[in-house]
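Novice: Quick one: the structure is below, questions incoming.
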Amino acid sequence: MTIICQLFLFLLPVFLFFSASPAHALASDTDLGWDALIENADQTAVTHFRNALQENPDDERAILGLSFAYGLRLDDAASWNAYRSFLDKTADPNPYIYAAQNTRWFSVGANRKGLGLRAVLRNTVSHPDPNGILRVICLQYLGQLAERDNQLREADSYYSEIGALTKWRIIGPFHNISGSGFDKVFEPELVDNPDAEYKGSDLRTVRWFTPHNIRRDCWTDIARHFSTVQGVFYARTYVHSPTTQSVQMRIGTSGAFRLFLNQQMILDTIEERNNDVDTYIAEVTLQAGWNQITVKLCNSKLDRCNFLLRITDKSGTAISDLEYSTAPQQFPTSTTLVKPLDHPFLAFFRSQIAKFPNRPENYLLLANALLRNDEVDEAEEIISKLLSKYPNFICALMLALETNQRANRYDESITTIEHITNTRPDLPISLVYSFNRAVSTKQLDTADAILNNIGKTLPESNDYYEAAIELARLRNDVALVSTLQAKAFETNPQILDFASAAAMLALRTGGGYAKAIDIIKAHLSYNWNEGGLLMKAALCEDAMQYADWENTYNELFELSPLAPGFHSRMADSYAARRKWDAALKSITLALEDAPGVSWMWQQSGIYRKALSDSSGAGSDFKQAIATDPANFSARELLRELTNTPSPFSVMQTNNIDSLIRTSPSATDYPDKQSVTLLLDKQRVVYDGSRCKVRFEMLVRVLNNSGIDSYKEVTLPGGDNTIVEKAVVIKANGREIPADRNGNYAVFKNLEPNDFIYVRINWSESTQGELAGYFFDEFGMNDYVPSKIVRYSLLTQKSERYSWNFVNGEVQQYSKDTPLGNLQVWELRDQPAITEEEDMPSYGAIGKILYISSVPRWQEIVQWYYNIARTKTRSSLDVRTKMNELFPPGKQYTKQEIIEGVYHFITTNIRYSNVPFRQSGVVPQTARDVLVTRIGDCKDVATLCISMLAERGVTAYHALVRTNSSPLRKQPLPSIPFDHDIVYTELDGKPLFMDLTAENVPLYSLPFGDLEALCLVIRPGESTPSLLQKQFFTPNVMRLNTNLSIHDDLGAEVTQQYWHSGARTEFYRSAWKTLGPTEVERSIREGLSNDWPDVQLEDYSINHLDTILPEIDYTLHFSIPDFVMEAEGLRIIKLPWYSPFEPLAALGYSTRTHPYEFSKYVDTLVETITINIPDGYEAIGLTESEHFVGPVSYVQRTARQSSATLTLSRTAVFQRNYVMPEEYANFKTYYGNVARSDRQALLLVPKGTVIQRVTPGKVKVPKGGRKH
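Take the sequence shown: its letter number 176 is residue 173 in my numbering, and every next letter is one higher.
Shown next, in the form of structure tokens:
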């Protein structure tokens, strides 16, 4: 994808004007040329433009038209020459130079000498724009070109003219997960104490430091000072002004930022963008004397984080009489009038659009200028307006392609490039895309044919060689790959990838290191760059040419003075050769500019230890731990250095041989599959969440069921698991190692009575705002018997935590040790958990130890609020969609807005949870979810919150632990949740919405959410609660059955069903996407479960495609032989929908555990109306029955008229579980209802006298027997 990505990112040349009106007899060649370009007919356009220029060589529109036409086919030299000609002729070239600097024109001009790019840049510098913005951009560009030519003094002269502030004190990183640190005020923002220490992100110790070196181009680059660019960073300096004066402060950044002058914020943006110098400008007043300047950089998603600040006059010239210091100074606290200034070139193109709204060129130029500074939403809005008028215009499509790519809209990018390719398959971008598509589908012959066309269109280009080399590799043509690599470097020596490949080829083919080094030197003569110098240094080192290796690094440091990473590489190389003094010198130089990088301190400690400087090594290891408490390697090195015992040494050790010798066998547990002899978890808490965990398990499998349970085991600890031992132990003591892949183990050759032994360890560390806490839960009994189950916890005496043991008692003791406080919880000789039908899950009945150092649930609320809330920010896509759903100008109720958003998301956004796309904790942005139309629970919740906020409806995330019993004890503050829904309020009542439940109506939740533990992520929320059913539409079912008996004993039945609440999901899920025939088959199959010969006559369904809380449907069917007949009597089994029937769960005389049953219905109301055949009557009916149980009740009535019998049955369920102490009462109640439900209806001829027989009162004739 390298080639196509490069082509995607270039923008075609700009142009001034074109007309979309039909050509007519009086149209000029220039007009006709632009008409042709609108139709993407570039050859015709070239002809017209040339004709126009023959008549008028100064026709600017024709010149730009030529530049565009040549650029469409990547005729770079011709395109640039035309564009440069336009710049020479136009009255004010500055806005156009600005809009074009990130295009292919400038990159081609930079790579090909002789095209005059430097002359354009120098001319712009010598004839500056009124605001000086373009001048400083050109100075920066000239400096980069000089660096490339290895003219470093010349580069420095250009960079020095920029006038950037370069004296800074820096500190960081602080928490900024999901960008949450932008609005948070950290202490260094308020107080300036250069010697202070603070707790930064992940509880690392952070301090102010002043770098010894700066980047050559004067940008302050976070990546060169820290091990991460994610976080909040502060840079501070003081500026002394001899007088009170009005100045402009100008800043460009990668990342969001806030700029403070004397603690007053004067500029900021929450958008994380990569932009250029002078992007944001404000006019302010510098007070006489010292002034404090603070830059707050915030980055959570970019791979760069940097800034450049200038203090200038109105012309952009740096103020010369200012003095700078990083030492704290007294500064005034008075505020200044802040006047933010529009970017003049953006303002220019916006004014052109206002003046000439029908000229598309101004939209293109504005979009291009916006994209220079990553303002993707604004650029997209401009391009969308253009494409609405000219949907096939490739220039606009190219810009749309770039906006889609920058916004990570993969599908839209593919759609756009497909559109371009279908419109003009012969263009270079279309050819390269088609080539990549053919290669990705292994259509190599097709790719070969396309490659030939690329070679004709882009001969000798790097695009051609990249494609040709890729195809040769896929064909396994090694010789051709080598030939092409050599030719690619010969043709394009300035490209590092080609030079590297050629150097490696030289090594493989016997050219040796000398030849490889010469190749890299040749490359550097065209392009002096860090990558090439590093490659040369590596080759010199491998060739053991250490003097040249050092000289190359010196050249690298001259090019890049701020290079702590390169010093660290040198240190590693010296250390490999045991040159410890040189290694220490190099790493010390690295630490001068990057004192917050933990692994560099660790390196330094290792080198000092090798030099027998134990004190210095210990100090460095401690610094490594302070700057990264999760650096467990440094902790271990420090422990070894100080001869400190392992923290696990104070915990109990286990004699595995003794446990095996005294182990019970299958004889002792004839009905069990295995016995756990040992389950021992040991946790050492170092610093908040930084823990080392050891886990030991010994199990004896007693039969084949035990073998099946343990032959494949996922070990705890995740990807970070270190397996010390995992074996099968035979009765004779022979050990068979398990096969392992990561933390997955397969135990081979298992036989009954074998043992499985596992000993593993892992490290744990939580990032973000929970880095200071640890929490755990540990089950201490199981469905198999256990002999020893133990949990040990070693903490520092200052560590505070809570623990709770549920569903039993545990032996617990604590003791102080030299290494901290040790707490132990232990159970011995635990019987297997008694298994019963429909018992709650282990979480509700198991003996579980909960431990947490999180003091309150508010910490969990604040943690996730900071993670998720920023992802709900609005965007152009969200605003556009809400305007589609709720067109402006009309009033909507809060209920209408909520219902509309809920219906849109559940209908259009598909659930997807793929690890490489989604984080386990951090949601995607609302815009990304809307654009891709897929997301997991937290993603769709984020989108819902964002959309509702667009219409003033406030909503929050709510974390849920699904499919959990209401009997489960509330855990200690921790993260037991596995689902995310939305909470809001309507009419003063709570409203919860599960956006993953497509067919669940609003005001209901899926049954997996009901009675689940829920924590609303709303500031101030203090405790989780259960999602009790009174919050939601009741799950009610009503059924009216009308039954007519035929003379042939068949029956005609009409049933009317009404369902409300979450249970409507069953029917919408089953039928909504089916056609009428499939629905009919589904219904017929359902009826056939009760009546095999049923004939479905008709059906109707209402509210199937809605989100209404109800659904109803009517069935009309006939049942042959429905009535049983005996001796003139007719017997009818009453068709109750859900009669009480015998249950295995009620087959016990007593229960150990609660009985849980489904919660799919709260109230069931049934009415059966039977039309009694002529000449018959119903007998034996009880007019009213009422059964009351501990958790539900059932009421039945019967009413009979001359020809009709009406039976009704109402069942109400208050809850869905029965406690053991309620079991006997419930069982009796259930049996009574079941007997009543089993009663059949007896129809007898009218006048028939039936004598009721009372059991035990039957008279037996003499000599007879009772039966």
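We treat Cβ as the ideally placed atom computed from N, Cα and C, and that holds for glycine.
1. Taking only three categories from DSSP, how would you classify Asn818?
2. For Phe353, is the classification buried or exposed, using 16 other Cβ atoms within 10 angstroms of its Cβ as the cut-off for buried?
3. Give me the Cβ distance between Leu368 and Glu399, rounded to the nearest whole Å; I'm assuming they're in contact under 8 angstroms.
4. For Arg687, which residues from the same chain have a beta carbon less than 7 angstroms from its beta carbon, with the 5 sequence-adjacent residues on both sides left out?
5. Alpha helix (DSSP H) containing Leu695: first to last residue?
6. Per DSSP, Cys295 forms a beta bridge with which residues?
7. My understanding is that Val851 touches Leu824, with C-beta atoms under 8 angstroms, so please give their C-beta distance in whole angstroms.
8. Counting only C-beta atoms, is Tyr1054 closer than 7 angstroms to chain C at any point?
9. Report the start-end ranges of each beta strand (DSSP E) in the stretch 990 to 1061 that is 3 residues or longer and not cut off at the edges.
10. Could you tell me the alpha carbon to alpha carbon distance between Thr1245 and Asn1037, rounded to whole angstroms?
11. Closest to Arg605 by CA distance: which of Leu581, Tyr1110 and Ala535 is it?
12. What residue does the beta strand (DSSP E) around Glu1122 start on, and which one ends it?
13. Please state the DSSP three-state secondary structure of Met648.
14. Count the other CB atoms, across all protein chains shown, that sit within 10 Å of the CB of His209; report buried if there are 16 or more and exposed otherwise.
15. Name the DSSP beta bridge partners of Phe1210, please?
16. Run the CB neighbour count on Thr253, radius 10 Å, all protein chains shown included, and call it buried at 16 or more, exposed below.
17. Count the other CB atoms within 10 Å of the CB of Gly249; is the residue buried (16 or more) or exposed (fewer)?
18. In the DSSP assignment, the beta strand (DSSP E) including Ser82 goes from what residue to what residue?
19. For Gly1125, which of Glu1174, Thr1164, Ala1009 and Ile1098 has the nearest alpha-carbon?
20. Whole angstroms are fine: how far does the CA of Ile308 sit from the CA of Asp318?
21. Please report the Cβ distance between Asp779 and Ala829, rounded to the nearest whole angstrom; I am assuming they are in contact, meaning their Cβ atoms lie under 8 angstroms.
22. Could you check where the beta strand (DSSP E) with His954 kicks off and where it finishes?
23. Can you give me the C-alpha to C-alpha distance between Pro592 and Ile584, rounded to a whole angstrom?
24. For Tyr839, which of helix, strand or coil comes out of DSSP?
25. Beta strand (DSSP E) containing Ala435: first to last residue?
26. By Cβ distance below 7 angstroms, which residues in the same chain neighbour Ile719 in space, the five residues on each side in sequence not counted?
27. Report all residues from its chain with a CB closer than 6 angstroms to the CB of His1266; omit the five preceding and five following residues, and keep chain order.
28. Under the assumption that Leu1024 contacts Ile895 (Cβ atoms under 8 angstroms), give the Cβ distance between them as a whole number of angstroms.
29. What would DSSP say about Asp736, mapped onto helix, strand or coil?
30. Quick check on Val182: buried or exposed, where buried means 16 or more other Cβ atoms within 10 Å of its Cβ?
31. Excluding five sequence neighbours on each side, which residues of the same chain lie with their C-beta closer than 7 angstroms to the C-beta of Gly615?
32. Just the Cα atoms here: how many angstroms apart are Gly897 and Val858?
33. Report yes if the C-beta distance between Thr979 and Ala1009 is below 7 angstroms; otherwise report no.
34. At what residue ranges does the stretch 914 to 974 contain a whole run of the beta strand (DSSP E), taking only runs of 3 or more?
35. Could you check whether Tyr67 and Trp102 sit closer than 7 angstroms to each other, using their CB atoms as the reference points?
36. Quick one: residues in its chain with C-beta nearer than 7 angstroms to the C-beta of Tyr810, no 5 flanking neighbours on either side, listed in chain order?
Specialist: Concretely, from the data shown:
1. Residue 818 sits at position 821 when you count from the first residue of the sequence shown. In this structure, Asn818 counts as strand in the three-state DSSP scheme.
2. The sequence position of residue 353 within the sequence shown is 356, counting from 1. Exposed is the call here.
3. By 1-based counting over the sequence shown, the position of residue 368 is 371. By 1-based counting over the sequence shown, the position of residue 399 is 402. Indeed, because the Cβ distance is near 6 angstroms, the residues count as touching under 8 angstroms.
4. As a working note, residue 687 is residue 690 in the sequence shown. Same-chain partners within the cutoff: Pro626, Ala627 and Ser762.
5. Taking the first residue of the sequence shown as position 1, residue 695 is located at position 698. Not the alpha helix (DSSP H): Leu695 falls in the beta strand (DSSP E), residues Arg687 to Val698.
6. Locating residue 295 in the sequence shown gives position 298, counting from the first residue. BP columns for Cys295 point to Val229 and Ala253.
7. For the purposes of this step, residue 851 is taken as the residue at position 854 of the sequence shown. For the purposes of this step, residue 824 is taken as the residue at position 827 of the sequence shown. Incorrect: roughly 25 angstroms between the Cβ atoms, too far for contact.
8. The question asks about chain C, but that chain is absent: this structure has only one protein chain.
9. For the stretch 990 to 1061, whole beta strand (DSSP E) runs of length 3 or above, ordered along the chain, are 1010 to 1013, 1033 to 1042 and 1048 to 1057.
10. Numbered from 1 along the sequence shown, position 1248 holds the residue referred to as residue 1245. Numbered from 1 along the sequence shown, position 1040 holds the residue referred to as residue 1037. Rounded to whole angstroms, the gap between the alpha carbons of Thr1245 and Asn1037 is 30 angstroms.
11. Position 608 of the sequence shown holds residue 605. Closest option to Arg605, Cα to Cα, is Leu581.
12. Working through the sequence shown from its first residue, we reach residue 1122 at position 1125. Start and end: Met1121 to Ala1123.
13. Start at 1 with the first residue of the sequence shown, and residue 648 comes out as number 651. In the three-state scheme derived from DSSP, where H, G and I count as helix and E and B as strand, Met648 is classed as coil.
14. For this step, residue 209 is matched to residue 212 along the sequence shown. Under a 10 Å Cβ-count criterion, His209 is classified as exposed, with fewer than 16 other Cβ atoms of the shown protein chains found around its own Cβ.
15. On the sequence shown, residue 1210 is found 1213 positions in, with the first residue counted as 1. Answer is Ser1189.
16. Taking the sequence shown and counting its residues from 1, the one referred to as residue 253 is at position 256. Thr is not the amino acid found at residue 253; the sequence shown has Ala there. Burial call: buried.
17. Position 252 of the sequence shown, counted from the start, is the residue given in the question as residue 249. So Gly249 ends up on the buried side.
18. Residue numbering aside, residue 82 sits at position 85 when the sequence shown is read from its first letter. Going by DSSP, Ser82 is part of no beta strand (DSSP E) but of the alpha helix (DSSP H) stretching over Asp73 to Lys86.
19. The count along the sequence shown starts at 1 and reaches residue 1125 at position 1128. For Gly1125, the nearest C-alpha among the options comes from Glu1174.
20. By one-based count along the sequence shown, residue 318 stands at place 321. By one-based count along the sequence shown, residue 308 stands at place 311. Here the alpha carbon of Asp318 sits roughly 11 angstroms from the alpha carbon of Ile308.
21. For this step, residue 779 is matched to residue 782 along the sequence shown. For this step, residue 829 is matched to residue 832 along the sequence shown. Right, their Cβ atoms sit about 7 angstroms apart.
22. Taking the sequence shown and counting its residues from 1, the one referred to as residue 954 is at position 957. Counting along the chain, the beta strand (DSSP E) containing His954 begins and ends at Tyr953 to Arg958.
23. Taking the first residue of the sequence shown as position 1, residue 592 is located at position 595. Taking the first residue of the sequence shown as position 1, residue 584 is located at position 587. Taking the straight line joining both Cα atoms gives about 10 angstroms.
24. Stepping through the sequence shown from its first residue, residue 839 is reached at position 842. Three-state DSSP puts Tyr839 in a helix.
25. If you number the sequence shown from 1, residue 435 lands on position 438. Segment Pro425 to Ser437 is the alpha helix (DSSP H) holding Ala435; no beta strand (DSSP E) there.
26. Here residue 719 is taken as the residue at index 722 of the sequence shown, counted from 1. The residues Ile757, Asn758 and Trp759, in chain order, have a CB closer than 7 angstroms to that of Ile719 in the same chain once the five nearest residues on each side in sequence are set aside.
27. Because residue 1266 is not part of the residues shown, which for the chain are -2 to 1264, the question remains open.
28. One-based indexing of the sequence shown puts residue 1024 at position 1027. One-based indexing of the sequence shown puts residue 895 at position 898. About 18 angstroms separates the two Cβ atoms, so there is no contact after all.
29. What you label residue 736 is simply residue 739 of the sequence shown in a count that begins at 1. DSSP places Asp736 in strand when its eight states are reduced to three.
30. What you label residue 182 is simply residue 185 of the sequence shown in a count that begins at 1. Counting every other CB atom within 10 Å of its CB across the protein chains shown gives Val182 a total below 16, marking it as exposed.
31. In the sequence shown, counting from the first residue as 1, residue 615 sits at position 618. Leu635, Leu638 and Thr639.
32. Reading the sequence shown from its first residue, position 900 is the one you call residue 897. Reading the sequence shown from its first residue, position 861 is the one you call residue 858. Rounded to the nearest whole angstrom, the CA to CA distance from Gly897 to Val858 is 28 angstroms.
33. As a position in the sequence shown, residue 979 is number 982, starting the count at 1. As a position in the sequence shown, residue 1009 is number 1012, starting the count at 1. The question names Thr, but residue 979 in the sequence shown is Val. At least 7 angstroms separates the beta-carbon of Val979 from that of Ala1009.
34. Those beta strand (DSSP E) runs which fall completely within the stretch 914 to 974 and span 3+ residues are 953 to 958.
35. Residue 102 sits at position 105 when you count from the first residue of the sequence shown. Residue 67 sits at position 70 when you count from the first residue of the sequence shown. 7 angstroms or more divides the Cβ of Trp102 from the Cβ of Tyr67.
36. Indexing the sequence shown from 1 puts residue 810 at position 813. The answer, listed in chain order, is Val821.
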